[in-house]
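Asks: The number in this note's numbering is simply the position in the sequence shown, starting from 1, with 19 added.
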Amino acid sequence: MRLKNLEINGFKSFAKKTILEFQNPIISIVGPNGSGKSNVVEALRFVLGEQSIKSMRGSSGSDLIFKGSKNLSKSSRASVVIHFDNSDKVFKLSNETGENINLNYDSVSISREVYSDGLNKYILNGSEVRLKDINNLLSSVNIGSSQHHIISQGEADRILNASSKDRREMIEDALGLKIFQYKIKEAQRKLERTTNNMKEVSLLRRENAPHLNFLKKQVDKFEKVKEMQVTLLLLYKEYLKKESIYLEKEKANLFIEKNKISLELEDIKEKISNVDEIDRKEESEKEKELKILEKKIHEISGIKGEIERKLGRIEGMVEMEERRKEKTPKIIVRNPEEIKMTFTEISNVIEEAFLKEDIYEIKQILTRVKNILNKFNQNEDILEDTSLDLEIQNLKNQQQEISFEIQRMEEIEKENFSKVEILKKEISEENEILHIKEKEKFNFRVKQQELSSSLSFISVKEENFKKEIESFENEIKEGYALVDSDILSYKNFSNRDGAEIVVNKIEQEELRRKIERIKIKLEDVGLGGGSEIMKEFEEVKERDDFLTKEMEDLAKSIESLHTLMADLKEKIDIEFKEGIKKINVEFTNFFSLMFGGGEGHLSIVTENKKKKVEEEIEGDLSTQAEEKEEILFEYGIDIDVSLPHKKVKELNALSGGERSLTSIALLFAMSQVNPPPFLVLDETDAALDEANSRKYGDMLEKLSHHSQLVVVTHNRETMSRAGILYGVTVGSDGASKLLSVKLDEAAVIAK
Ligand code: ATP
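1) Taking just the CA atoms, how far does Phe233 sit from Asp563?
2) Please look up how many angstroms separate the CB atoms of Ser158 and Lys197, rounded, as I've assumed it's under 8 Å.
3) Less than 6 Å between C-beta atoms, sequence neighbours within five positions excluded: which residues of the same chain meet that for Asn603?
4) Cα-Cα, which of Leu728, Ala754, Ile322, Lys666 is closest to Gly742?
5) In this structure, how does DSSP classify Ala18 when only helix, strand and coil are distinguished?
6) For the candidate residues Lys323, Val465, Glu489, Leu507, whose alpha-carbon lies nearest to that of Glu430?
7) Buried or exposed: Tyr499, going by 16 or more other Cβ atoms within 10 Å of its Cβ?
8) I need the straight-line Cα distance from Phe360 to Ala372, nearest angstrom please.
9) So what's Val747 in DSSP terms, helix, strand or just coil?
10) Check each candidate in Leu374, Lys307, Leu407, Ser366 and name the one with the smallest Cα separation from Arg342.
11) Between the Cα of Ile101 and the Cα atoms of Ile38, Asn180, Ser54, which residue gives the shortest distance?
12) Does the separation of the CB atoms of Phe103 and Phe30 fall below 8 Å?
13) For Lys540, I'd like the list of residues in its chain whose CB is within less than 7 Å of its CB, leaving aside the five on either flank, ordered along the chain.
14) What runs of the alpha helix (DSSP H), each 4 residues or longer, lie entirely inside the segment 273-324?
15) The alpha helix (DSSP H) with Gln42 in it runs from where to where?
16) Evaluate Gly638 with the Cβ neighbour count: other Cβ atoms within 10 Å of its Cβ, from every protein chain shown; 16 or more gives buried, anything less gives exposed.
17) So Leu156 is in the alpha helix (DSSP H); what residue range does that whole segment cover?
18) Is the closest heavy atom of the ligand ATP to the C-beta of Asn139 under 7 Å?
19) So is the beta-carbon of Asp107 under 7 Å away from any non-hydrogen atom of the ligand ATP?
20) Do the CB positions of Lys56 and Ile48 come within less than 8 Å of each other?
21) DSSP three-state call for Asp659: helix, strand or coil?
22) The ligand ATP and Ile84: does any heavy atom of the ligand fall closer than 7 Å to the residue's C-beta?
23) For the ligand ATP, any of its heavy atoms closer than 7 Å to the Cβ of Gly29?
24) Quick one: which unbroken alpha helix (DSSP H) runs of 4-plus residues sit fully inside the segment 211-260? Chain order, please.
25) Does DSSP put Leu122 in a helix, a strand or coil?
26) Within the same chain, show all residues whose beta-carbon is closer than 7 Å to that of Phe241, passing over the 5 residues directly before and after it, in chain order.
27) Quick one: give me the first and last residue of the alpha helix (DSSP H) that Asn396 is part of.
28) Between the C-alpha atoms of Glu356 and Leu414, what's the straight-line distance to the nearest angstrom?
29) Compute the minimum distance between the beta carbon of Lys56 and the heavy atoms of the ligand ATP, and state whether it is under 7 Å.
30) Express the C-alpha separation of Ile326 and Glu424 in angstroms, rounding to a whole number.
31) Do Val66 and Arg131 have their beta-carbon atoms positioned less than 8 Å apart in this structure?
32) Contact between the segment 518-536 and the segment 256-276 is defined here as three or more beta-carbon pairs at a separation below 8 Å; is this criterion met?
33) Assuming Asn60 is part of the alpha helix (DSSP H), what are its boundary residues?
34) Helix, strand or coil: how does DSSP classify Asp639 here?
35) Which partner residues does Gly619 have in the DSSP bridge list?
36) Could you tell me the alpha carbon to alpha carbon distance between Glu440 and Glu304, rounded to whole angstroms?
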């Protein structure tokens, strides 16, 4: 027994809490008109999630709440609770992915409350849930939302009146296919959501694309720059290392060269100064001596000339005296003593002159000689002829003495001349030495000049070297700006094979040209902001990758949803067709049982429907929506009957009773194929005559083997088939009351 009990509280005419126990396969509810029997059926509809207020005979939710009576005030809410047995764990809830989850409760209770403002609450085993969860749950026990198993009063032939499409739904419900429909709907909703998500993601990607393309170009550029930087660094390392080696060598060479020249220059300077000193010491001494000697010779020559002139005079005198002696007998006689004295005196004076060197003194002595001779001449005595001879003799003596003197002077002169010669020779020799030294000095000067020029040249070289150092440092600075501090790693550069680094000026020039070329290219491209662009590109790319992945995932889930829907549709289609076949067998059975022959048949009819759909054309990230017409095949159910002994086949042509019998036969056939846990039949037997009532009763009993039956009836035959009878009456307070009654009592109450 699936159905355990039903609690009604504040619902319609049931003002107070009323409990119906369903402890029997067939429960019959009886009572007078207007007592509230149909309200019990509606309470069942209500709690099972009925959404049509109209089908519960109301216009708004508040119509379902007890409105109050003479003695009872109105209720604030209506509440109905239904309890099911779930010891076999047949109740299931399907989750988002369509998997069924068993409800691990022995009993399942569903409660629905409605408030005067129309608000509804659904509670499953004490927890508030959504209506769709209730539908989902009930479909697992073949209680569909079409509620084909609850036949309200006057609706016995509802299934005959329904459209072929509604009939299909009722049958799908009865066949337990509704759960798949829910799943399809769920999948459709999901598909819609997923398609929308996909559109959004696609839009986001399209929005991102220009920025991403821009960043990609920037990153490509930056990567090119990086590549160039790597090449530049390699070239720089080799170039700078070689340049530093070259500069070091150049520095050392310059130092050595300069040092060498400086030392040579110092040496030359010293040599030159030595030569100068020698010159100053020796130069004028001998020349001075020569000059003195030449002066002395000149003076002696003067004195000698004077004495020679004196000799000439004496010779003249001798000549004159001799002629006078010839002409005159006068003889100049000289005192011999006086002559001797004068001679002695002159000799002494001359001797004295020889001792003197100074010409002035010599001149004085000579003056004295002259005075002596003058005095001697003044003292001459003219003698007789005899004395003249003496005089001549005396003069001749003087002549001889003077000649001697001249001879002596000549010797002195000669001696001095030889001295002059020697001195001149010495001076000449010295001059020769001096000349050699001069020449040497000149050579030194030339060398000094050469060395000074070399030193100047070294200075020029040093200046150039300074410029080279400056340009080397500038190159490092420029390199630093282009490849950062890595530039300093040139110090660690070495040949790959470890060979010694050889600096070749031509190769250096070639390296330099290559460096310059890359520098120009880098200047063209520009360096700035690479790392930020890179970071931004990574972020945007990551986002785009994420979106691409999401698109793929969404496309996959769209595909799997399509597959799921197609599978479900196929399943429904197969099961539906099979179900129809089975129902048709049962339908004919029940039909011929009810009508004593004839047959009833369900057939599937298809109807083409045009539906406009918007289709999205995917391609190159631009999405265009295109309207398309899609032809949908909808199918419904037609009912064909063939009454025994009658030609009538149209449903419309059947009598009220025949309609009731046909729909009961169909309903029972449906219930037979896939029995619901319970069937509610509100006065479905109203139009039946006694014979048919019996047949109806038989069928109820047959059905009750598989489904519990709740029957509202005024029919005694039907009552007689029930295990439990509930009598509904209206109490003095104006509210419906429920009491368990016996068949006889029931028959009375029902009247
Ligand atoms: P019948 O045998 O004639 O079909 P019934 O026993 O099925 O009658 P119901 O149709 O269930 O009777 O009950 C109808 C009664 O319930 C009416 O008298 C009506 O006034 C009462 N009723 C309906 N709605 C409310 C409500 N909201 N509050 C109070 N009473 C209500």
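Cβ coordinates follow ideal geometry from the N, Cα and C atoms, glycine included. Since we're looking at a predicted model, the values are computed, not measured.
Replies: Well, looking at it:
1) Distance between Asp563 and Phe233, taken at the CA atoms: about 14 Å.
2) Distance from Ser158 to Lys197 at the Cβ level is roughly 5 Å; contact confirmed, criterion being Cβ atoms closer than 8 Å.
3) Around Asn603, the same chain offers His620, Leu621 as residues with beta carbons nearer than 6 Å, after the five sequence neighbours per side are excluded.
4) Checking every option, the nearest Cα to that of Gly742 belongs to Leu728.
5) In the structure as shown, the chain begins at 20 and stops at 770. Residue 18 is therefore absent and cannot be evaluated.
6) Answer by Cα proximity: Lys323.
7) So Tyr499 ends up on the exposed side.
8) Note that residue 360 is Met in the sequence shown, not Phe. Taking the straight line joining both Cα atoms gives about 18 Å.
9) Note: Val747 maps to strand in three-state DSSP.
10) Distances from the alpha-carbon of Arg342 to those of Leu374, Lys307, Leu407, Ser366 put Leu407 closest.
11) Per the Cα distances, Ile38.
12) No, the pair does not count as a contact, with Cβ atoms beyond the cut-off.
13) Cβ-Cβ distances below 7 Å link Lys540 to Met247 in the same chain, with the five nearest sequence neighbours on each side left out; the list follows chain order.
14) Qualifying alpha helix (DSSP H) stretches: none in this window.
15) Note, Gln42: premise wrong, no alpha helix (DSSP H); not H, not E.
16) Summary for Gly638: the model assigns pLDDT 44, below 50, so the residue's position carries little reliability; its value from the coordinates is reported in the next sentence. Counting Cβ neighbours within 10 Å, Gly638 comes out exposed, since fewer than 16 surround it.
17) Residues 150-158.
18) No, since every heavy atom of the ligand ATP falls outside the 7 Å radius drawn around the Cβ of Asn139.
19) Not under cutoff, so the answer is no.
20) Result yes, Cβ atoms of Lys56 and Ile48 sit closer than 8 Å.
21) Note: Asp659 maps to strand in three-state DSSP.
22) Yes; taking the cut-off as 7 Å, the Cβ of Ile84 has a heavy atom of the ligand ATP nearer than that.
23) For Gly29, the Cβ stays outside the 7 Å cut-off from all heavy atoms of the ligand ATP.
24) Whole alpha helix (DSSP H) segments, 4+ residues: zero.
25) Look at Leu122 here: in three-state DSSP terms it is coil, with no helix or strand label.
26) Gly549, Ile552, Met553, listed in sequence order.
27) Per DSSP, Asn396 belongs to the alpha helix (DSSP H) from 378-397.
28) Near 15 Å, if we compare the C-alpha coordinates of Leu414 and Glu356.
29) With a cut-off of 7 Å, the C-beta of Lys56 is classified as near the ligand ATP, since at least one heavy atom of the ligand falls inside that distance.
30) About 8 Å.
31) With contacts defined as CB atoms closer than 8 Å, Arg131 and Val66 qualify as a contacting pair.
32) Counting C-beta pairs with one atom in each stretch, the segment 518-536 and the segment 256-276 have three or more that are closer than 8 Å, which means they touch.
33) It is Val, not Asn, that sits at residue 60 in the sequence shown. Element bounds for Val60: 56-66.
34) Interpretation of Asp639 is limited by its pLDDT of 44, a score under 50 that renders its predicted location unreliable; the figure taken from the coordinates is listed afterwards. Asp639 falls in the coil class under three-state DSSP.
35) DSSP lists Val660 as the bridge partner or partners of Gly619.
36) Here the C-alpha atom of Glu440 lies approximately 16 Å from the C-alpha atom of Glu304.
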